[in-house]
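K.L.:
Mind looking over this structure? Questions follow.
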Amino acid sequence: MGRLQKILIPFLGLVLAFCFYSARENFKPEMLKGKRVIVTGASTGIGEQMAYHLARMGAHVLVTARTEAKLQKVVERCRELGAGSARLVSGSMEDMAFAKRVVEAAEAELGGLDMLILNHVGKSYFSYFDGDVRHVQKLLDINFLSYVAMTVSALPMLKQSGGSIVVVSSMAGKVGFPFTVPYSATKFALDGFFSSLRQEFSIQNVNVSITLCILSFIDTENAVRAAADVLLMSPAPKEECALEIIKGGALRQREVYYKYALTKIPLLLRDWAAELLDYLVRQHYHVERPNNSL
Ligand SMILES: NC(=O)C1=CN([C@@H]2O[C@H](COP(=O)(O)OP(=O)(O)OC[C@H]3O[C@@H](n4cnc5c(N)ncnc54)[C@H](OP(=O)(O)O)[C@@H]3O)[C@@H](O)[C@H]2O)C=CC1
Ligand SMILES: CC(C)CCC[C@@H](C)[C@H]1CC[C@H]2[C@@H]3C(=O)C=C4C[C@@H](O)CC[C@]4(C)[C@H]3CC[C@]12C
1 MGRLQKILIP FLGLVLAFCF YSARENFKPE MLKGKRVIVT GASTGIGEQM AYHLARMGAH
61 VLVTARTEAK LQKVVERCRE LGAGSARLVS GSMEDMAFAK RVVEAAEAEL GGLDMLILNH
121 VGKSYFSYFD GDVRHVQKLL DINFLSYVAM TVSALPMLKQ SGGSIVVVSS MAGKVGFPFT
181 VPYSATKFAL DGFFSSLRQE FSIQNVNVSI TLCILSFIDT ENAVRAAADV LLMSPAPKEE
241 CALEIIKGGA LRQREVYYKY ALTKIPLLLR DWAAELLDYL VRQHYHVERP NNSL
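Each step along the sequence shown adds one to the number in full-length UniProt numbering, with nothing skipped, and position 274 is 274.
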């Protein structure tokens, strides 16, 4: 009996600690009502869908991307869906001065910022690494450095509002995949930067949350066009993906995994059975037989 108690009491303690730790606040769409949100890369894909969800929730949205005509349509639709307000700033994230201008527009027109959703990605290729170093550099500017520049500019406003930074990354930012060499480098960089910054915020009591989103294959037009012929898996819906990202940001979660089974579970293998994970990943690729005719 004595021995049983010795085991049972610590065990119950562990169960209670686990329940307490995992008792998360529930998401409610009202959490976003009246919030001032920037969504980058919002002219298409997941970013566009995030703008629509935020609009339905009554947020003030500022969308940005290069193509003004598409953004104009997104803004119109956001207004129809009930956004507190909707506006756009168009330009390219290759230019860090532009990244800063977007944040300044939020300050001037919204009077502050509650959530910064960093989502845009520059065009790349889904194929073997071609050795083009300039392309890697350009992609690092767009996919990584502009995220840093926007964060730096937005930080004073986010500190004031106790706001959130949401960084849209990928399984390719946690694990090496074939055909995503330059892209993957930019996404790994985001993890390094934002996970370190989160630690510093914690030490300095900075009340700004950082949510890193680890996504699997999503059915956006560009992704399907680039990869559907090669990947032996079906893409997940962009609408649901967009909602999960917003929920994670609003709940100030450290990371979002979507789809859970295709991200969180394979990641459990990463540190313990890396070769097995690499092998399983390759099984999901339909790669033409290498040309042996040399
Ligand atoms: N779809 C997928 O399978 C996956 C996507 N992700 C991540 O999700 C996020 C969204 O992906 P997805 O919706 O598929 O992407 P899309 O290709 O559909 O959209 C990319 C967005 O970025 C904008 N953009 C492109 N180049 C620039 C630039 N130079 N300056 C400013 N904006 C630019 C595009 O607009 P415009 O051309 O008008 O500038 C567009 O709005 C990305 O961070 C991506 O890495 C992660 C895992 C899987
Ligand atoms: C456990 C595994 C089976 C899961 C494998 C998931 C792999 C195959 C998933 C995870 C992340 C995915 C890529 C991604 O992040 C974004 C893009 C950009 C887009 O324009 C072209 C497609 C591309 C390269 C996706 C291709 C498929 C990737 C590598």
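Glycine is no exception: its CB is placed at the ideal position from the N, C-alpha and C atoms.
Could you work out which residue in ALA106, LYS28 and GLU80 is closest to THR64 when comparing CA atoms only?
P.N.:
Here residue 64 refers to the residue found at position 64 of the sequence shown. Here the closest residue by C-alpha is ALA106.
K.L.:
Out of curiosity, what's the CA-to-CA distance linking PHE126 and HIS284?
P.N.:
Working through the sequence shown from its first residue, we reach residue 126 at position 126. Working through the sequence shown from its first residue, we reach residue 284 at position 284. For PHE126 and HIS284, the distance between alpha carbons rounds to 14 Å.
K.L.:
Compare the Cα-Cα distances from PHE27 to each of VAL287, LYS174 and LYS247 and report the closest residue.
P.N.:
Locating residue 27 in the sequence shown gives position 27, counting from the first residue. Of the candidates VAL287, LYS174 and LYS247, the one whose C-alpha sits nearest the C-alpha of PHE27 is LYS247.
K.L.:
To the nearest angstrom, report how far apart GLN199 and VAL166 are at their CA atoms.
P.N.:
By 1-based counting over the sequence shown, the position of residue 199 is 199. By 1-based counting over the sequence shown, the position of residue 166 is 166. Answer to the nearest angstrom: the Cα atoms are 16 Å apart.
K.L.:
Would you list the one or two residues that DSSP bridges to MET115?
P.N.:
Stepping through the sequence shown from its first residue, residue 115 is reached at position 115. Under DSSP, MET115 takes part in a beta bridge, and its partners are VAL37 and SER164.
K.L.:
Would the beta-carbon of GLY176 be found less than 6 Å away from any heavy atom of ligand 1?
P.N.:
As a position in the sequence shown, residue 176 is number 176, starting the count at 1. Not so, every heavy atom of ligand 1 lies at least 6 Å from the Cβ.
K.L.:
Any heavy atom of ligand 2 closer than 6 Å to the beta-carbon of PRO266?
P.N.:
Position 266 of the sequence shown holds residue 266. For ligand 2, at least one heavy atom lies less than 6 Å from the Cβ of PRO266.
K.L.:
I need the straight-line Cα distance from ALA223 to ILE9, nearest angstrom please.
P.N.:
What you label residue 223 is simply residue 223 of the sequence shown in a count that begins at 1. What you label residue 9 is simply residue 9 of the sequence shown in a count that begins at 1. C-alpha separation (whole angstroms): 51 Å.
K.L.:
Entirely within the region 128 to 190 and at least 3 residues each: give me those beta strand (DSSP E) ranges in chain order.
P.N.:
164 to 170
K.L.:
When you measure from the CB of LEU269 to every non-hydrogen atom of ligand 2, does any distance come out below 6 Å?
P.N.:
Taking the sequence shown and counting its residues from 1, the one referred to as residue 269 is at position 269. No, Cβ of LEU269 sits at least 6 Å from all heavy atoms of ligand 2.
K.L.:
Looking at the secondary structure, which residues open and close the alpha helix (DSSP H) in which THR263 lies?
P.N.:
Residue mapping note: residue 263 aligns to position 263 of the sequence shown, counting from 1. Note, THR263: alpha helix (DSSP H), 260 to 270.
K.L.:
According to DSSP, is ARG56 part of a helix, a strand, or is it coil?
P.N.:
Start at 1 with the first residue of the sequence shown, and residue 56 comes out as number 56. Of the three classes helix, strand and coil, the one that applies to ARG56 here is helix, per DSSP.
K.L.:
Exposed or buried, ARG282, counting other C-beta atoms within 10 Å across all chains shown (16 or more means buried)?
P.N.:
Mapped onto the sequence shown, residue 282 falls at position 282. Classification for ARG282: exposed.
K.L.:
Return the residue from the list PHE179, GLU288, GLU104 and TYR147 that minimises the CA-CA distance to SER124.
P.N.:
Reading the sequence shown from its first residue, position 124 is the one you call residue 124. Of the listed residues, the one whose Cα sits closest to SER124 is PHE179.
K.L.:
With a threshold of 6 Å on Cβ separation, who are the neighbours of LEU215 within its own chain once the five nearest residues in sequence on each side are excluded?
P.N.:
For the purposes of this step, residue 215 is identified with residue 215 of the sequence shown, where counting begins at 1. Around LEU215, the same chain offers SER170 and TYR258 as residues with beta carbons nearer than 6 Å, after the five sequence neighbours per side are excluded.
K.L.:
Since LEU243 is in the alpha helix (DSSP H), which residue starts that stretch and which ends it?
P.N.:
Working through the sequence shown from its first residue, we reach residue 243 at position 243. Its alpha helix (DSSP H) spans residues 238 to 250.
K.L.:
Tell me which same chain residues have a C-beta within less than 7 Å of the C-beta of ALA226, skipping the five on either side of it?
P.N.:
Counting from 1 along the sequence shown, the entry for residue 226 is found at position 226. These residues qualify, in order along the chain: PHE126.
K.L.:
Might you give, ordered along the chain, the residues of its own chain that have their beta carbon closer than 7 Å to the beta carbon of ARG66, omitting 5 neighbours on each side?
P.N.:
The residue labelled residue 66 in the question sits at position 66 within the sequence shown. For ARG66, where only same-chain residues beyond five positions count, the Cβ hits under 7 Å are SER90, GLY91 and SER92.
K.L.:
Measuring CA to CA, which of THR220, ASN205 and ALA189 is closest to LEU212?
P.N.:
Along the sequence shown, read from residue 1 onward, the residue named residue 212 stands at position 212. The shortest C-alpha separation from LEU212 is found at ALA189.
K.L.:
Using DSSP with H/G/I as helix, E/B as strand and the rest coil, what is ARG87?
P.N.:
The residue labelled residue 87 in the question sits at position 87 within the sequence shown. Three-state result, ARG87: strand.
K.L.:
Between GLY41, LYS6 and ALA59, which has its C-alpha nearest MET31's C-alpha?
P.N.:
Numbered from its first residue, the sequence shown carries residue 31 at position 31. Looking at the Cα atoms, ALA59 is the closest of the given residues.
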